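Following this note's numbering from start to finish, the sequence shown increments by one per residue and tops out at 124.
Cβ atoms here follow ideal geometry from the backbone N, Cα and C, with glycine treated the same way.
Note that the coordinates shown come from a computational prediction; the quantities given were computed from them, not determined experimentally.
Presented below is the structure to which this report refers.
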Amino acid sequence: MYSKKSKRWRDEGTAPDYRFSLANERTYLAWIRTSLALLAGAIALDQLTPDLANPTIRLIISCFLCVCSGLVAIYAYRRWSLNEQAMRHNKELRYTSNMKLMSAILLILTITISLAITI
C-alpha cells in the first residue's frame, strides 16, 4: 500500500506520552464540536428564522457559517497533526496567531447578525 519512499509521519519519531497525545485529541475534538456548532447555527439561521432579516442576508450569513464550519474542521485536523508530529520529534509546539483572526471573524459576524435583527 505504501512504498518505502512515502513513509507515514505516524511511523516517524518516538510515540509521545499517551497523556499528551490524548490531550491533543481532546483539543481536536473541541475544535470539531465548534465546527459542528457553526454548522448547526447556519442550518438554524436558514431554516428556523424566516422573519429574522432579508432572505438574501440570511442566506449569505448561513453560507458564511457553513464555510467557517468547514475551515474550522480542516484547521482542527491540521493542528492536531502538526502537534502530534512535533511531540513525536520532541520539538516545541507551534504557537498560532489564528485565534485572533477567528475572534475577529466572530466579532464581525456578531455585529452583522445584530444589525440584521434590528434593521
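Return the chain-ordered list of same chain residues with a C-beta closer than 6 angstroms to the C-beta of residue i, the five sequence neighbours on each side being excluded.
{"i": "A58", "result": "A121"}
Rounded to whole angstroms, what is the Cα-Cα separation between residue i and residue j?
{"i": "P21", "j": "T101", "result": "21 angstroms"}
{"i": "S108", "j": "W14", "result": "31 angstroms"}
{"i": "A78", "j": "R31", "result": "14 angstroms"}
{"i": "W85", "j": "T19", "result": "17 angstroms"}
{"i": "R63", "j": "I124", "result": "13 angstroms"}
{"i": "L112", "j": "F69", "result": "14 angstroms"}
{"i": "T61", "j": "L34", "result": "33 angstroms"}
{"i": "K96", "j": "Y23", "result": "16 angstroms"}
{"i": "K105", "j": "L114", "result": "14 angstroms"}
{"i": "A3", "j": "P55", "result": "An answer regarding residue 3 cannot be provided, because it is not within the stretch 6 to 124 covered by the chain."}
{"i": "D16", "j": "L27", "result": "18 angstroms"}
Can you give me the Cβ contacts of residue i inside the same chain, cut-off strictly under 7 angstroms, excluding the 5 residues immediately before and after it?
{"i": "T117", "result": "I66"}
{"i": "C71", "result": "L44, A47"}
{"i": "S74", "result": "S40, L43, L44, A47"}
Cα-Cα, which of the options is closest to residue i?
{"i": "I110", "options": "L43, Y33, R38, F25", "result": "L43"}
{"i": "F25", "options": "I124, K105, R93, T115", "result": "R93"}
{"i": "L76", "options": "R38, L53, P60", "result": "R38"}
So, at 8 angstroms on beta carbons, what are the nonlocal neighbours of residue i in its own chain, with the 5 sequence-adjacent residues on each side left out?
{"i": "D51", "result": "R63, L64, S67"}
{"i": "Y80", "result": "W36, N103"}
Which whole-angstrom value describes the C-beta separation of residue i and residue j, a residue pair presumed to lie in contact below a C-beta threshold of 8 angstroms?
{"i": "N29", "j": "N103", "result": "That pair is no contact at about 17 angstroms."}
{"i": "A91", "j": "R83", "result": "About 13 angstroms separates the two Cβ atoms, so there is no contact after all."}
Taking 7 angstroms as the line, does the beta carbon of residue i fall inside it for any heavy atom of the ligand ADP?
{"i": "A58", "result": "The ligand ADP is absent from the structure shown, which contains no ligand whatsoever."}
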